[in-house]
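Working notes for the structure below.
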Amino acid sequence: MSEVNDRCFPNEIFTIIINFLDDDQFSLRNTALVCKDFKILSQPHLFRNVDLRGQSHEQPLLWIRFAALLQDPGALFGNLVQNLQYSYLQLHELQEDLEAAIIFILQSLPSLTELRIEIPLPAHFPTIATSLGAKLEELWLETLRLDQDQFELFQRMLSSLAVLKSLAMRRIVWWSAGEEPTLILPSSLRAASFTLITSRHIIQAIGRGMERSPTPKLDTLFVDTTISDNISLWRALGLNTRVVLDIGTGLAHFENSVKSGLRMRQLIVTCLQRTSVVGFFVHFIPLLPDSICEICIDFLPTGGGRSSSSAFKYWERTQNKWIELDKVLMHRHEVGLLKRVCFRCTSRANVKLGYNSRYSVGRADRTILTRLESFLPGSQSIGLIEVDHHRKFFEATM
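For the sequence shown, this note's numbering begins at 256 and goes up steadily by one.
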């Protein structure tokens with residue numbers, strides 16, 4: 256006779272149910288209340304990602320409460336946290352308590368491998384270095400102003416991150432006159448994103464560091480057109496580094512940076528569905544160095560709420576620009592400088608590194624893909640262009 260506590264289903268069935276709900280936090284929380292087995296199996300999914308950003312008035316209490324939970328000897332969920340996100344707010348009445356809470360949190364998550372900080376405080380960099388140096392694999396920093404002393408703290412932190420694979424830096428500003436810093440990236444780094452950086456000193460510092468050090472060997476680099484002085488950065492990249500360039504609406508000027516230093520074989524360009532991007536490519540592609548023989552153009556799948564029929568008319572208004580682009584592509588192919596142009600229209604929802612949240616996604620609209628072959632008939636006739644209708648999520652591959 257079976258006991259009351261005997262299971263009616265094997266553990267594998269419970270696991271399948273929990274894994275199915277992996278991305279549904281609400282259902283996971285409810286399922287965890289059903290029985291002890293569901294509670295145990297749900298915990299790694301529930302506590303894997305911790306987001307302490309919240310609303311500005313909520314954040315201080317979130318930090319302090321989370322730190323208090325970690326201090327509870329009976330609470331073991333700190334061992335399950337792999338991804339932490341927080342945004343730092345200064346000038347708060349609980350400032351000392353907040354800073355102590357953040358430091359304690361960073362010291363109390365032994366399984367943490369991903370860290371995302373908005374408005375990071377340089378005073379926390381030593382804690383990140385000592386507590387996470389041997390395990391942090393992804394670091395995402397946004398909105399940071401560095402003077403000379405803070406830059407040195409930042410450099411020491413990066414140097415300590417022995418297994419860092421991905422680094423994203425957005426809105427980083429150099430705040431010191433008369434200095435030319437050099438930033439040495441971790442040798443383990445394989446992917447990096449430098450976007451919305453208007454300070455040329457930071458980009459040049461990264462370029463100088465990569466030129467002076469033979470490592471890292473970046474596989475993928477995400478950049479945008481916020482700053483055109485990327486020459487020192489291009490010089491430091493290998494031929495096999497895959498560059499993902501976000502041009503947004505295609506209204507930025509990027510010519511000088513392209514003419515000097517860019518020398519990889521493949522280039523991926525991400526952009527919005529705007530008529531201005533066609534004109535951008537007409538002027539941009541002839542400037543590309545001879546080494547770039549494969550180009551992927553990946554549109555963000557939003558049409559701004561237009562219907563399919565109005566979207567067709569929207570693109571057809573740029574017919575003359577499409578004709579020019581067709582000629583540009585065919586000419587580059589005829590002189591032996593272009594082997595392949597791939598067009599995609601993918602969501603960035605799966606992308607943490609390099610994703611530009613300035614752009615609202617809106618309703619998905621991939622109708623542009625159905626028109627490309629008719630917009631570029633010459634390139635289509637010689638087999639130069641490929642239109643990928645199947646890929647729905649962005650990948651930094653050709």
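Every residue, glycine too, gets a C-beta built ideally from N, C-alpha and C. Quick caveat: nothing in here was measured; it's all calculated off a predicted structure.
If you compare alpha carbons, which of the options is closest to residue i?
{"i": "Ser414", "options": "Leu391, Glu397 and Met653", "result": "Leu391"}
{"i": "Ala389", "options": "Leu367, Ala619, Ile374 and Ala446", "result": "Leu367"}
{"i": "Thr450", "options": "Trp395, Lys472, Leu522 and Pro544", "result": "Trp395"}
{"i": "Trp430", "options": "Arg455, Leu422, Ser443 and Leu440", "result": "Arg455"}
{"i": "Ser386", "options": "Thr504, Ile360, Ile374 and Phe409", "result": "Ile360"}
{"i": "Glu373", "options": "Glu407, Leu476, Asn334 and Arg308", "result": "Arg308"}
{"i": "Gln574", "options": "Gly534, Ile640 and Glu435", "result": "Gly534"}
{"i": "Ile550", "options": "Gln350, Val498 and Trp577", "result": "Val498"}
{"i": "Arg426", "options": "Arg411, Ile502, Ser442 and Leu401", "result": "Leu401"}
{"i": "Leu555", "options": "Val583, Ile357 and Asp501", "result": "Asp501"}
{"i": "Phe406", "options": "Arg587, Arg303, Leu488 and Ile461", "result": "Ile461"}
{"i": "Glu435", "options": "Leu543, Ala604, Gly464 and Arg303", "result": "Gly464"}
{"i": "Arg654", "options": "Gln528, Arg467 and Gly505", "result": "Nothing about residue 654 can be read from this structure; the chain reaches only from 256 to 653."}
{"i": "Val336", "options": "Asn304, Ile383, Ala491 and Arg445", "result": "Asn304"}
{"i": "His379", "options": "Leu399, Glu393 and Pro365", "result": "Leu399"}
{"i": "Ser603", "options": "Phe536, Asp545, Asn334 and Ala651", "result": "The identity of residue 603 in the sequence shown is Arg, whereas the question assumes Ser. Closest option to Arg603, Cα to Cα, is Ala651."}
{"i": "Arg411", "options": "Val428, Ala384 and Met424", "result": "Ala384"}
{"i": "Val583", "options": "Phe598, Phe539 and Asp553", "result": "Phe539"}
{"i": "Ala491", "options": "Ser468, His588 and Ile640", "result": "Ser468"}
{"i": "Glu369", "options": "Ala323, Leu416 and Tyr343", "result": "Leu416"}
{"i": "Leu517", "options": "Val524, Asp545 and Ala507", "result": "Asp545"}
{"i": "Gly493", "options": "Ile578, Thr382, Pro365 and Ala446", "result": "Ala446"}
{"i": "Ser531", "options": "Val642, Thr382 and Glu571", "result": "Glu571"}
{"i": "Leu422", "options": "Phe477, Gln350, Thr601 and Pro375", "result": "Phe477"}
Does DSSP classify residue i as helix, strand or coil?
{"i": "Gln635", "result": "helix"}
{"i": "Ala322", "result": "helix"}
{"i": "Leu627", "result": "helix"}
{"i": "Ser546", "result": "coil"}
{"i": "Met585", "result": "helix"}
{"i": "Glu641", "result": "strand"}
{"i": "Ser602", "result": "strand"}
{"i": "Leu339", "result": "strand"}
{"i": "Phe648", "result": "strand"}
{"i": "Cys526", "result": "strand"}
{"i": "Phe302", "result": "coil"}
{"i": "Met256", "result": "The predicted position of Met256 is uncertain, since its pLDDT is 40 and thus under 50; no value can be drawn from it."}
{"i": "Val590", "result": "coil"}
{"i": "Trp577", "result": "helix"}
{"i": "Met653", "result": "coil"}
Residue i: buried (16+ other C-beta within 10 angstroms of its C-beta) or exposed?
{"i": "Phe590", "result": "Checking the sequence, you will find Val at residue 590 rather than Phe. Exposed: under 16 other Cβ atoms inside 10 Å."}
{"i": "Gln403", "result": "exposed"}
{"i": "Phe648", "result": "exposed"}
{"i": "Asp306", "result": "exposed"}
{"i": "Asp327", "result": "exposed"}
{"i": "Lys420", "result": "buried"}
{"i": "Ser636", "result": "exposed"}
{"i": "Asp479", "result": "buried"}
{"i": "Asn495", "result": "exposed"}
{"i": "Leu639", "result": "buried"}
{"i": "Leu353", "result": "buried"}
{"i": "Gly329", "result": "exposed"}
{"i": "Ser487", "result": "buried"}
{"i": "Ala619", "result": "exposed"}
{"i": "Ser564", "result": "Low confidence applies here, because Ser564 scores a pLDDT of 45, under 50, leaving its location unreliable; read the following figure in that light. With fewer than 16 other Cβ atoms within 10 Å, it is exposed."}
{"i": "Arg371", "result": "buried"}
{"i": "Ala217", "result": "The shown model of the chain, from 256 to 653, leaves out residue 217, and the question about it has no answer."}
{"i": "Leu316", "result": "exposed"}
{"i": "Leu438", "result": "buried"}
{"i": "Pro365", "result": "exposed"}
Just the C-alpha distance for residue i and residue j, rounded to the nearest angstrom, thanks.
{"i": "Leu593", "j": "Cys526", "result": "20 Å"}
{"i": "Asp474", "j": "Met519", "result": "11 Å"}
{"i": "Gly633", "j": "Gln459", "result": "41 Å"}
{"i": "Leu440", "j": "Phe630", "result": "43 Å"}
{"i": "Ala355", "j": "Tyr341", "result": "14 Å"}
{"i": "Pro471", "j": "Glu393", "result": "15 Å"}
{"i": "Ile452", "j": "Ser443", "result": "23 Å"}
{"i": "Lys576", "j": "Ser448", "result": "31 Å"}
{"i": "Cys548", "j": "Arg587", "result": "9 Å"}
{"i": "Phe332", "j": "Trp489", "result": "43 Å"}
{"i": "Leu542", "j": "Asn338", "result": "41 Å"}
{"i": "Val537", "j": "Phe409", "result": "40 Å"}
{"i": "Asp553", "j": "Ile319", "result": "42 Å"}
{"i": "Glu628", "j": "Tyr343", "result": "48 Å"}
{"i": "Leu522", "j": "Met585", "result": "18 Å"}
{"i": "Leu580", "j": "Thr481", "result": "24 Å"}
Taking only beta-carbon positions, decide if residue i is within less than 9 Å of chain D.
{"i": "Leu451", "result": "Protein chain content of the structure displayed is limited to a single chain, and chain D is not contained in it."}
For this session: Enumerate, from N- to C-terminal direction, the unbroken beta strand (DSSP E) stretches of 3 or more residues contained entirely within the stretch 352–421.
Result: 369–373 and 393–401
Problem set entry | Runs of alpha helix (DSSP H) lying entirely within the stretch 438–519, each at least 4 residues, in chain order | 455–467, 486–491 and 510–514
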